[in-house]
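K.L.:
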Amino acid sequence: MSAQPDPQPDALNSALREGTHGPLREEDHGSPREGTHGPGPSGLDLRADCANCFGLCCVALTFSVSADFPVDKAAGEPCRHLRTDFRCGVHSTLRERGFQGCTVYDCFGAGQKVSQLTFGGRDWRQAPESAERMFAALPVMRQLQELLWYLDEALALEPARTLHREIRRALDDTERLTRSAPEALLELDVAERRAAVNTLLLRTSELVRAQVRGRRKNRRGADLFGAKLKGAELRGADLRGAYLIAADLRGADLRLADLIGADLRDADLRGADLTGAIFLVQTQVNAAKGDAATRLPPSLTRPAHW
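No gaps in the numbering here: position 287 of the sequence shown is 269 in the working numbering, and each next residue is one more.
The following block contains the structure:
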C-alpha cells in the first residue's frame, strides 16, 4: 500500500485505478446503509452512509471522460445529477448512463464523518464559506478511514494475534485523527501515517500468509496486465499493488493472498476462490468480473452486475 496524493485532477478516475477503495454499490448510492461497521471487531463506521452525507463525492472530486465517466467534472462543481437533497437523481441507471465509476468508488464512511462530525452537520449550501475546506477534507478523511478499515480487518486475523496490541494502538491513534478540527485535518501528514500503518500491515500479512505451506509466490507490484492465470495456484501469494487489469484468474486459488492495492479492473474472477484473501476491499471486487461460483471473504458482497 503506497501513500496516495490527495485527489486533484482526474481524482475519481485515479481513485478507481488505485484499487484501494471500498464499497459503494448501486443500491447504496443515495440510500442509507443497514450496517456501516467495518470488517473487524472495532465497531467503527467504515462504510458509506449516503443518507448522512452532503453529497461530497458528487461535488468535491473531479473526474474526466473515460470508461468510468461520460463527462468531465471539475473539483467543487456539483454533478449535474445531484439533487437538492444531496441524493443522486439517476441512481438506478448509473451504469447504463456511463457512470460506472460512481458505482465503484467509496469513501469508507469519510463522507458522513466530514459532514456530521468535522463540520457539525452544516452543509456546504447552508454554509458556503466552509465549502472549500469541506471538499478538501474529504480525501484526507477518506485516506484515514481506509487505514482504519485495514487495521480493523487486521484485528480480526487470528494468526496476527501477537501484533494485536500494536494494531489496536495504531487504530486508536488513527481514529483520533479523524476527530480533528478542519484546520488540523487539512494540515495532517497523511503520507506519514500511511507509512507507519503500512509497516504494521506488512508484518500482519507475513504472519497470515505463513499458514500456507511451501513456497509462496511474491508478485508484489508485478505487471500482470492481461496475464493468463486461469487455475493458478496463488494461495498465500503477495500480490500487493500488482497490476492484474484484465487478467484471466478464472478458477484461480487466491486463498490467503495479500491483495492490498492490487488493480483488478476487468480481471476475470469467475470461479476463483478468494476465501480468506486479506486487505481486499469492495471496490476491487466491484471493478472485476465474477459469477456465483466466485468465493469472497465474508466482509465483502457479490456485486449486483456479476
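In this text, a Cβ means the ideal position worked out from N, Cα and C, and glycines have one as well.
Taking buried to mean at least 16 other C-beta atoms within 10 Å of its own C-beta, is Val179 buried or exposed?
P.N.:
As a working note, residue 179 is residue 197 in the sequence shown. It is buried - the Cβ of Val179 has at least 16 other Cβ atoms within 10 Å.
K.L.:
My output table needs one value for Leu64: the three-state DSSP class, helix, strand or coil.
P.N.:
Translated into positions along the sequence shown, residue 64 becomes position 82. Looking at Leu64 - three-state DSSP - the assignment turns out to be strand.
K.L.:
Report the three-state DSSP secondary structure of Glu215 (helix, strand or coil).
P.N.:
Here residue 215 refers to the residue found at position 233 of the sequence shown. The answer is strand: DSSP assigns Glu215 an E or B state.
K.L.:
Taking one C-beta from the stretch 66 to 74 and one from the stretch 135 to 155 each time, how about it: are there three or more such pairs within less than 8 Å?
P.N.:
With the cut-off at 8 Å, the stretch 66 to 74 and the stretch 135 to 155 do not touch.
K.L.:
Any idea if Asn200 is buried or exposed, counting beta-carbon neighbours within 10 angstroms, 16 or more meaning buried?
P.N.:
Numbered from 1 along the sequence shown, position 218 holds the residue referred to as residue 200. With fewer than 16 other Cβ atoms within 10 Å, it is exposed.
K.L.:
Could you please give the first and the last residue of the uninterrupted alpha helix (DSSP H) stretch that includes Thr283?
P.N.:
On the sequence shown, residue 283 is found 301 positions in, with the first residue counted as 1. It is not in any alpha helix (DSSP H) - Thr283 carries neither H nor E in the DSSP assignment.
K.L.:
Assuming Thr257 and Pro279 form a contact by the criterion Cβ under 8 Å, report the distance between their Cβ atoms to the nearest whole angstrom.
P.N.:
Here the question's residue 257 lines up with position 275 in the sequence shown. Here the question's residue 279 lines up with position 297 in the sequence shown. 7 Å between Cβ atoms; contact.
K.L.:
Grab me the residues of Ala214's own chain with a C-beta within less than 8 Å of its C-beta, minus the 5 sequence neighbours each way, in chain order.
P.N.:
Locating residue 214 in the sequence shown gives position 232, where the first residue counts as 1. Taken in chain order, the residues that qualify are Leu231, Ala234, Asp235.
K.L.:
In whole angstroms, what is the alpha-carbon distance linking Gln127 and Thr100?
P.N.:
Counting from 1 along the sequence shown, the entry for residue 127 is found at position 145. Counting from 1 along the sequence shown, the entry for residue 100 is found at position 118. Roughly 14 Å between the two C-alpha positions.
K.L.:
Three or more C-beta pairs closer than 8 Å, one from the stretch 78 to 96 and one from the stretch 121 to 136: is that the case here?
P.N.:
yes
K.L.:
Could you give the distance in angstroms between the alpha-carbon of Leu76 and the alpha-carbon of Val47?
P.N.:
As a first step, residue 76 is located in the sequence shown; it is residue number 94 there, counting from the start. As a first step, residue 47 is located in the sequence shown; it is residue number 65 there, counting from the start. About 15 Å.
K.L.:
In whole angstroms, what separates the C-alpha of Cys32 from that of Gln94?
P.N.:
Start at 1 with the first residue of the sequence shown, and residue 32 comes out as number 50. Start at 1 with the first residue of the sequence shown, and residue 94 comes out as number 112. Their Cα atoms are separated by approximately 7 Å.
K.L.:
For Leu323, which residues in the same chain have their Cβ closer than 8 Å to its Cβ, ignoring the five residues on either side in sequence?
P.N.:
Since the first residue of the chain shown is -17 and the last is 288, residue 323 is not available in this structure.
K.L.:
For Leu189, which residues from the same chain have a beta carbon less than 6 Å from its beta carbon, with the 5 sequence-adjacent residues on both sides left out?
P.N.:
The count along the sequence shown starts at 1 and reaches residue 189 at position 207. These residues qualify, in order along the chain: Pro141, Ala142.
K.L.:
How many whole angstroms separate the CB atoms of Tyr132 and Leu206, which I take to be in contact at a CB cut-off of 8 Å?
P.N.:
For this step, residue 132 is matched to residue 150 along the sequence shown. For this step, residue 206 is matched to residue 224 along the sequence shown. The pair is not a contact, with the Cβ atoms about 22 Å apart (cut-off 8 Å).
K.L.:
Is Gly103 buried or exposed, if buried means 16 or more other CB atoms sit within 10 Å of its CB?
P.N.:
Counting from one through the sequence shown, the residue named residue 103 turns up at place 121. By the 10 Å Cβ count, Gly103 comes out exposed.
K.L.:
Tell me the DSSP secondary structure of Lys199 in three-state form.
P.N.:
The residue given as residue 199 occupies position 217 in the sequence shown. Coil.
K.L.:
Does the beta-carbon distance from Leu120 to Leu26 come in below 8 Å?
P.N.:
Translated into the one-based positions of the sequence shown, residue 120 becomes position 138. Translated into the one-based positions of the sequence shown, residue 26 becomes position 44. Going by C-beta atoms, Leu120 is not nearer than 8 Å to Leu26.
K.L.:
Look at Thr44 and Ala30 and say whether their C-beta atoms are less than 8 Å apart.
P.N.:
Start at 1 with the first residue of the sequence shown, and residue 44 comes out as number 62. Start at 1 with the first residue of the sequence shown, and residue 30 comes out as number 48. No, the Cβ-Cβ distance between Thr44 and Ala30 is not below 8 Å.
K.L.:
The alpha helix (DSSP H) spanning Glu114 covers which residue range?
P.N.:
The sequence position of residue 114 within the sequence shown is 132, counting from 1. 113 to 137 is the span of the alpha helix (DSSP H), which, as asked, contains Glu114.
K.L.:
Exposed or buried, what is His3 when buried is set at 16 or more other beta-carbons lying within 10 Å of its beta-carbon?
P.N.:
Taking the sequence shown and counting its residues from 1, one reaches residue 3 at position 21. Summary for His3: the model assigns pLDDT 35, below 50, so the residue's position carries little reliability, and this model does not support an answer.
K.L.:
Is the CB-CB distance between Arg191 and Gly218 below 8 Å?
P.N.:
Taking the first residue of the sequence shown as 1, we reach residue 191 at position 209. Taking the first residue of the sequence shown as 1, we reach residue 218 at position 236. Their beta carbons are under 8 Å apart, which means Arg191 touches Gly218 by this criterion.
K.L.:
Report the option in Gly272, Asp240, Ala173, Val41 whose CA atom is closest to the CA atom of Thr186.
P.N.:
As a working mapping, residue 186 is identified with position 204 in the sequence shown. The candidate whose alpha carbon is nearest that of Thr186 is Asp240.
K.L.:
To the nearest whole angstrom, what separates the beta carbons of Leu221 and Ala244, a pair I think is in contact under 8 Å?
P.N.:
Start at 1 with the first residue of the sequence shown, and residue 221 comes out as number 239. Start at 1 with the first residue of the sequence shown, and residue 244 comes out as number 262. About 5 Å separates the CB atoms of Leu221 and Ala244; that is less than 8 Å, so the two are in contact.
K.L.:
If you count every other CB in all the chains shown that lies within 10 Å of the CB of Thr85, and 16 or more means buried, which is it?
P.N.:
Start at 1 with the first residue of the sequence shown, and residue 85 comes out as number 103. Buried: at least 16 other Cβ atoms inside 10 Å.
K.L.:
Quick one: grab the DSSP three-state call for Ile227.
P.N.:
Translated into positions along the sequence shown, residue 227 becomes position 245. In the structure shown, Ile227 sits in coil (DSSP, three-state: anything other than H, G, I, E or B).
K.L.:
Using DSSP bridges, identify the partner residues of Phe45.
P.N.:
Translated into the one-based positions of the sequence shown, residue 45 becomes position 63. DSSP lists Lys55 as partners of Phe45.
K.L.:
Kindly identify the DSSP beta-bridge partner or partners of Cys70.
P.N.:
Residue numbering aside, residue 70 sits at position 88 when the sequence shown is read from its first letter. DSSP output for Cys70 lists Leu64 as bridge partner(s).
K.L.:
Taking the C-alpha atoms as reference points, what is the distance between Tyr225 and Ala109?
P.N.:
In the sequence shown, the residue the question calls residue 225 occupies position 243. In the sequence shown, the residue the question calls residue 109 occupies position 127. Approximately 42 Å between the Cα atoms of the pair.
K.L.:
For Glu78, count neighbouring C-beta atoms within 10 Å of its own C-beta (all shown protein chains included) and say buried if the count is 16 or more, exposed if not.
P.N.:
Along the sequence shown, one-based indexing puts residue 78 at 96. It counts as exposed.
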